[in-house]
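Residue numbers (the numbering used here), protein chains in the order written: chain A, -4 to 202; chain B, -4 to 202.
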């Protein structure tokens, strides 16, 4: 399926959430769902879900709902996660260790193929079956293995520098765990994992 | 400052991002910034930033920009993070360990005061200066210490059950690291940390 080019990014951002909810429904043994049921699970209106999906075609029949497995497959194709992606991880501290060991990445199509660190005590050690590589080898390894996705798990003060190297080596998508805003050239995508920002969004509402 | 009641949640969601960028600017030694400079850093239009902030009052003078420290203080008040929050962490696996050891929570106003796990091998062990408590004690400890924020770092299949207990014990805001959508009563807030969803949002764009 050719990806339509003019879909708002906010719609694209909801597709992984639909994918997650559909996988959950499938795991629970359901075969069919509706925009209503999905919406209730997600706190999103069923109209919004139907509108989002309508950008990509016709997935459900009026009155019969969605075939979960079919819709899962279609969403995976749209998001290009119907095949495995190689990922480079920079930073092998506590956070890097947790990321490397987290089974959920591979389960959902992302294989960490290399881990880098600049600390001499860490380089050469094993982490989840990989040997931690020196940060100096970053661009060679990433270019050679044509890795397009990087995860940044280094202290905030190094995050921009690491990002620049990743981008130079050919990385197109960066998941940044450092609590700073990164500057990247056009055509490179950044997403942030900042749990404190999520907490601060909720404290606003606590009486 | 009394929080106005009718601010769209999407605006509230951007305030922590402004807070983060302003802290970064202050760390870099800046005293003053503008909606233009902030917007460039964040990839958000300056008009949007001015509009978001205008919900809460007048923070900058036309032509002279924002006093960074003043705006930081105001945003912290608005988000109610001008004082420290106690947080309970459920799950002391790899992820729970990384969360407990991550210095960024305390630095930005969130103190993990208790860690729970149900595994007999983990209970009683030390984690970042805390003793891991049995999950059975969760509701007592949380009620007694009046903890309002919980972090869920347990396997997906236990996440809803843990959430139900947290809510029953008085928790009002949950940061969920398990890749499932949680059901909570009205008045309880949930935010999700799902790195795979962020990756999937970016793979859409990679040629």
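Don't be surprised by glycine CBs; every beta carbon is placed ideally from N, CA and C.
Excluding the 5 residues flanking it on each side, residue 86/A has same chain C-beta neighbours closer than 6 Å at 148 and 149, in chain order. Scanning its chain for C-beta atoms nearer than 7 Å, with the 5 sequence neighbours on each side dropped, one finds around residue 66/A the residues 17 and 54, in chain order. The beta carbon of residue 153/A does not come within 9 Å of any beta carbon belonging to chain B, so the residue lies off that interface. Our two residues, residue 106/B and residue 75/B, have alpha carbons roughly 15 Å apart in a direct line. Annotation: residue 198/A to residue 80/A spans about 36 Å, alpha carbon to alpha carbon. At least 9 Å separates the beta-carbon of residue 122/B from that of residue 98/B. With 16 or more other Cβ atoms from the protein chains shown falling within 10 Å of its own Cβ, residue 184/A counts as buried.
Remark: C-beta atoms of residue 70/A and residue 13/A approach each other more closely than 9 Å. Excluding its 5 nearest sequence neighbours in each direction, residue 134/A has C-beta neighbours in its own chain below 8 Å: 160, 163 and 164, listed in chain order. Pairing residue 194/B with residue 170/A gives a Cβ-Cβ distance under 9 Å. Exclusion of the five residues before and after residue 95/B leaves 84, 87, 107, 110, 122, 123 and 125 as the residues of its chain whose Cβ lies within less than 8 Å of its Cβ. The residues 126 and 127, in chain order, have a CB closer than 7 Å to that of residue 119/A in the same chain once the five nearest residues on each side in sequence are set aside.
Sequence-ordered contacts of the segment 105 to 127 of chain A with chain B read 105 [C-beta pairs closer than 9 Å]. Take residue 60/B, set aside five residues on each side of it, and the residues of its chain with a beta-carbon closer than 7 Å to its own are 27, 28 and 29, in chain order. Going by beta carbons, residue 48/B and residue 32/B fall outside the 9 Å limit.
Going by C-alpha positions, residue 113/A is about 8 Å away from residue 131/A. Note that the C-beta distance between residue 5/B and residue 51/B is not below 9 Å. Beta-bridge analysis with DSSP links residue 107/B to 82/B. Residue 5/A carries a helical assignment under DSSP once its states are collapsed to helix, strand and coil. Within chain B, the C-beta atoms nearer than 7 Å to that of residue 100/A come from 191, in chain order. Rounded to whole angstroms, residue 40/A and residue 157/A show a C-alpha spacing of 40 Å. For the segment 135 to 166 of chain B, the continuous alpha helix (DSSP H) assignments of 4+ residues that do not extend past its boundaries occur at 151 to 163, in sequence order.
Taking 7 Å as the Cβ-Cβ cut-off, the segment 139 to 167 of chain A approaches chain B at 143, 144 and 167, given in chain order. One alpha carbon belongs to residue 173/A, the other to residue 58/A, and they sit about 46 Å apart. When Cβ-Cβ separations below 9 Å define contact, residue 16/B makes contact with chain A.
Between residue 175/A and residue 151/A, the CB-CB gap stays under 9 Å.
In the DSSP assignment, residue 75/A falls outside any alpha helix (DSSP H), carrying neither H nor E.
Residue burial is scored here from C-beta neighbours: residue 104/A has at least 16 other C-beta atoms within 10 angstroms and is therefore classed as buried. In terms of Cα proximity to residue 180/B, the closest of 24/A, 35/A and 8/A is 35/A. Under the Cβ criterion of 9 Å, residue 89/A is counted among the residues facing chain B. In this structure residue 101/B is exposed. Its beta-carbon is surrounded by fewer than 16 other beta-carbon atoms within 10 angstroms. Under the DSSP assignment, residue 170/A falls outside any alpha helix (DSSP H), being part of the beta strand (DSSP E) whose first and last residues are 168 to 171. Separation of residue 11/A and residue 44/A (C-alpha to C-alpha, rounded to the nearest whole angstrom) is 12 Å.
Around the beta carbon of residue 190/B, 16 or more other beta carbons lie within 10 angstroms, which makes this residue buried. No Cβ-Cβ contact shorter than 9 Å links residue 137/B with residue 168/B.
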